[in-house]
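Here is the structure we will look at.
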Amino acid sequence: MNQSLSDAAHLIAKPASVLVFTGAGISVESGIPSFRGPGGLWEKYDPAFIEIDHFYSHPEQCWPQIKEIFYDHWGKAQPNAAHKAVAAMQKHGWVHTLVTQNIDALHQRAGSSGVVEFHGTLDQLVCTECRFRSAPSKELLAPAVPECPSCGALLKPDFVFFGEGIPENAQAAAFEAAEKVSSVLVVGTSGQVMPACYLPYEAKRHGATVIEVNPSESAFTENGTTDIYLEGKASDILPRLLAEAEKFAE
Ligand code: NAD
579 MNQSLSDAAH LIAKPASVLV FTGAGISVES GIPSFRGPGG LWEKYDPAFI EIDHFYSHPE
639 QCWPQIKEIF YDHWGKAQPN AAHKAVAAMQ KHGWVHTLVT QNIDALHQRA GSSGVVEFHG
699 TLDQLVCTEC RFRSAPSKEL LAPAVPECPS CGALLKPDFV FFGEGIPENA QAAAFEAAEK
759 VSSVLVVGTS GQVMPACYLP YEAKRHGATV IEVNPSESAF TENGTTDIYL EGKASDILPR
819 LLAEAEKFAE
């Protein structure tokens with residue numbers, strides 16, 4: 579398998595050429611653990627608290643864990659060098675579309691815009707009845723289950739719980755982009771969560787070269803989808819890839 583940073587840099591340093599597709603791994607060095615694997619969230623917690631039916635029937639049980647994990651902990655995380663390198667690639671005009679499976683809003687905090695959030699975001703609370711939306715203010719993030727200021731119904735974080743569908747706009751934007759790009763830069767995802775994981779396959783089917791950054795092999799590396807494998811941590815590899823690409827920029 580090709581492991582050339584220089585080949586990858588040549589591919590991405592072109593106007594609107596690359597679909598960047600990120601997963602939990604890009605935020606690990608910001609202190610946000612992945613769900614699965616050693617040190618993952620499911621070693622400590624039962625995922626039921628973000629299953630949609632369970633949340634609706636027992637919000638008072640689920641909310642303290644949601645608040646603790648996603649707001650008291652993840653909400654305070656800062657972007658790392660990998661998020662910043664992606665934002666710089668966007669500023670150079672090389673990124674056609676940035677799609678993330680993450681809900682932590684760290685791409686935006688690093689300066690990225692137009693992020694397609696495939697699984698939604700923790701940066702908004704949404705009413706389960708009237709669709710009122712609000713940033714998670716201090717008042718709403720109280721220990722008691724948050725209620726909609728407009729209609730009094732239950733508020734939930736605007737990310738996709740287990741048992742919920744993918745936001746239609748995000749899914750459409752991501753898969754439309756996959757048909758148009760000449761390369762896809764896959765960062766920190768195991769490639770196991772459907773339907774997001776179909777994105778690199780779809781891009782490849784339409785002729786894109788698949789570049790992957792991950793310290794361990796993923797489904798894409800293992801099944802031969804990855805064309806260029808850059809083995810290592812995102813916060814190490816992406817700044818180096820950016821610097822190399824800046825040498826070739828058109
Ligand atoms: P995953 O947990 O299935 O896989 C994480 C991947 O990241 C692994 O392949 C691992 O080898 C890799 N990785 C670990 N450290 C890395 C590093 N420093 N640099 C680069 N890669 C590294 O993650 P997934 O494929 O994104 O699927 C998990 C789902 O859970 C996603 O849908 C996502 O919505 C959600 N999730 C989000 C966050 C977040 O918002 N930060 C965190 C955990 C889970």
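Taken in order, the sequence shown gives residues 579 to 828; the numbers are from our numbering. For glycine and all other residues, C-beta sits at the position ideal for the given N, C-alpha and C.
For the candidate residues the options, whose alpha-carbon lies nearest to that of residue i?
i, options, result
"glycine 829", "Asp701, Ala713, Ala663 and Thr678", "With the chain running from 579 to 828 in the structure shown, residue 829 is simply not present."
"threonine 848", "Gln679, Leu718 and Lys622", "In the structure displayed, the chain extends from 579 to 828; residue 848 sits before or after that span and is not available."
"phenylalanine 648", "His636, His661, Tyr623 and Gln668", "Tyr623"
"asparagine 747", "Phe740, Ala755 and Gly741", "Ala755"
"phenylalanine 826", "Gly769, Ile590 and Pro778", "Ile590"
"leucine 597", "Asp631, Ala665, Gly615 and His651", "Ala665"
"valine 788", "Val759, Met772, Ser712 and Ile815", "Val759"
"phenylalanine 633", "Ser794, Asn801, Pro724 and Leu808", "Pro724"
"glutamine 749", "Gly802, Ala660, Leu676 and Ile806", "Leu676"
"serine 595", "Gly601, Gly603 and Ala586", "Ala586"
"serine 768", "Thr600, Leu583, Lys592 and Gln581", "Thr600"
"lysine 669", "Arg687, Ala655, Gly653 and Ser691", "Ser691"
"alanine 683", "Ser813, Asn792 and Ile610", "Ile610"
"glutamine 656", "Val693, His685, Val673 and Ser635", "His685"
"tryptophan 672", "Lys592, Phe613, Val764 and Leu718", "Lys592"
"aspartate 736", "Val704, Lys716 and Ala713", "Val704"
"lysine 654", "Glu629, Tyr776 and Asp701", "Asp701"
With a threshold of 7 Å (Cβ to nearest heavy atom), would residue i be considered close to ligand 1?
i, result
"histidine 697", "yes"
"lysine 622", "no"
"threonine 803", "no"
"proline 593", "no"
"serine 690", "no"
"lysine 734", "no"
"isoleucine 647", "no"
"alanine 774", "yes"
"aspartate 650", "no"
"arginine 614", "yes"
"glutamine 679", "yes"
"alanine 752", "no"
"asparagine 792", "yes"
"lysine 811", "yes"
Per DSSP, what are the beta-bridge partners of residue i in this structure?
i, result
"glutamate 629", "Phe740"
"arginine 711", "Val704"
"threonine 675", "Leu597"
"serine 761", "Val596 and Thr787"
"lysine 811", "Looking at the DSSP assignment, lysine 811 forms no beta bridge with any residue, so it has no partner."
"leucine 733", "Cys705"
"valine 694", "Val677"
"isoleucine 806", "Asn580 and Ile789"
Decide if residue i is buried, meaning its Cβ has at least 16 other Cβ atoms within 10 Å, or exposed.
i, result
"serine 761", "buried"
"glutamate 695", "buried"
"alanine 722", "exposed"
"proline 773", "exposed"
"tryptophan 620", "exposed"
"lysine 645", "buried"
"cysteine 640", "buried"
"alanine 781", "buried"
"glutamate 757", "exposed"
"methionine 579", "exposed"
"glycine 603", "buried"
"alanine 740", "For the record, residue 740 in the displayed sequence is phenylalanine; it is not alanine. Phenylalanine 740 comes out exposed."
"alanine 731", "exposed"
"serine 796", "buried"
Please find out if some non-hydrogen atom of ligand 3 comes closer than 7 Å to the beta-carbon of residue i.
i, result
"valine 771", "You won't find ligand 3 in this model; what it holds is ligand 1."
(request) Report the residue ranges of all alpha helix (DSSP H) runs contained in full by the segment 602-664; include only those spanning at least 4 residues, in chain order. (result) 630-635 and 637-644
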